[in-house]
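In our numbering, the protein residues as written are 2 to 232.
We treat Cβ as the ideally placed atom computed from N, Cα and C, and that holds for glycine.
One structure below.
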Ligand SMILES: *Cc1c(COP(=O)(O)O)cnc(C)c1O
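Here you go:
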């Protein structure tokens, strides 16, 4: 077994220890396509990129069996380039305004996608100004707008980026779980049908315990990134 495969299997075991079904999304920013294919061969099925240019360049070079999520901040004027440039994009995890949702809707229609584009509403659970995302209390209204006005999109759940020291401050993740209940009731769907994307290399086990359904792990899979990628 390769070292990468052994690392992935160890991480999957740690996630499974939470006793829940949790997706290990591999964050591949700065990672070349050959290593993404190696991670796919080792059992990862969902991958995340955070930059439009990098996603457009890399994703076509990786096996089409990979499922892709966009996890970076997306400016409204880049929505079209992303959706047109990555026809097999499964989900945009970082929708934080009705304006961005509307642009993604237009882009998905223009691209003639066969399937609805999945979206997560990004919530700023820490209140830090540097973080993107809607305030927790605004998440139900944004989810409702997408469900009512963006038929080419499907609201799959919520995403947050916790604080760096969140393991000592679990309130960020508990907050997202409570936002899920409010969004579920606004959409009139059971809370269990909504995904919670939370947890990264430093905090995925705690996030898993607090109800995460998808952890986004980069450096713990691929090692330290070779050049710093802006968050
Ligand atoms: C880079 C990134 C991650 C993964 O970070 P690691 O600490 O390398 O696991 C997760 N989520 C987002 C949004 C990221 O940009």
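Alpha helix (DSSP H) segment containing residue i, residue limits
{"i": "residue 83", "result": "80 to 86"}
{"i": "residue 138", "result": "Careful: residue 138 lies outside any alpha helix (DSSP H) and carries neither H nor E."}
{"i": "residue 184", "result": "172 to 188"}
{"i": "residue 37", "result": "34 to 42"}
{"i": "residue 105", "result": "99 to 111"}
{"i": "residue 209", "result": "205 to 210"}
Buried/exposed call for residue i, threshold 16 Cβ in 10 Å
{"i": "residue 100", "result": "exposed"}
{"i": "residue 54", "result": "exposed"}
{"i": "residue 78", "result": "exposed"}
{"i": "residue 110", "result": "exposed"}
{"i": "residue 134", "result": "buried"}
{"i": "residue 232", "result": "Unreliable positioning characterises residue 232 in this predicted model, as indicated by a pLDDT of 48, which lies under 50. The coordinate reading is nonetheless provided below. Answer is exposed; the Cβ neighbour count stays below 16."}
{"i": "residue 126", "result": "buried"}
{"i": "residue 234", "result": "The structure shown has nothing for residue 234, since the chain only spans 2 to 232."}
{"i": "residue 97", "result": "buried"}
{"i": "residue 217", "result": "buried"}
{"i": "residue 20", "result": "exposed"}
{"i": "residue 215", "result": "buried"}
{"i": "residue 31", "result": "buried"}
{"i": "residue 46", "result": "exposed"}
{"i": "residue 130", "result": "exposed"}
{"i": "residue 67", "result": "buried"}
{"i": "residue 89", "result": "exposed"}
Host beta strand (DSSP E) of residue i (start-end)
{"i": "residue 196", "result": "196 to 198"}
{"i": "residue 92", "result": "90 to 96"}
{"i": "residue 123", "result": "118 to 123"}
{"i": "residue 220", "result": "From DSSP, residue 220 is part of no beta strand (DSSP E) but of the alpha helix (DSSP H) over 220 to 223."}
{"i": "residue 133", "result": "No beta strand (DSSP E) contains residue 133, which DSSP labels as neither H nor E."}
{"i": "residue 28", "result": "24 to 28"}
{"i": "residue 62", "result": "That residue, residue 62, is in no beta strand (DSSP E); it is neither H nor E in DSSP."}
{"i": "residue 12", "result": "Residue 12 -> not in any beta strand (DSSP E); alpha helix (DSSP H) instead, spanning 4 to 17."}
{"i": "residue 75", "result": "Careful: residue 75 lies outside any beta strand (DSSP E) and carries neither H nor E."}
{"i": "residue 157", "result": "154 to 160"}
Integer Cβ distance of residue i from residue j, believed to fall under 8 Å
{"i": "residue 199", "j": "residue 158", "result": "Contact flag wrong, Cβ pair sits at about 10 Å."}
{"i": "residue 255", "j": "residue 28", "result": "Look at the range of the chain in this structure, 2 to 232, and you will see that residue 255 is not part of it."}
{"i": "residue 65", "j": "residue 41", "result": "Not a contact, Cβ separation roughly 10 Å."}
{"i": "residue 93", "j": "residue 60", "result": "Actually they do not touch by this definition, with Cβ atoms about 14 Å apart."}
{"i": "residue 50", "j": "residue 43", "result": "Rounded, the Cβ-Cβ distance is 19 Å, inconsistent with contact."}
Task: Residues proximal to ligand 1 by C-beta, any heavy atom closer than 5 Å - done: 28, 51, 72, 201, 202, 217, 218, 219, 220
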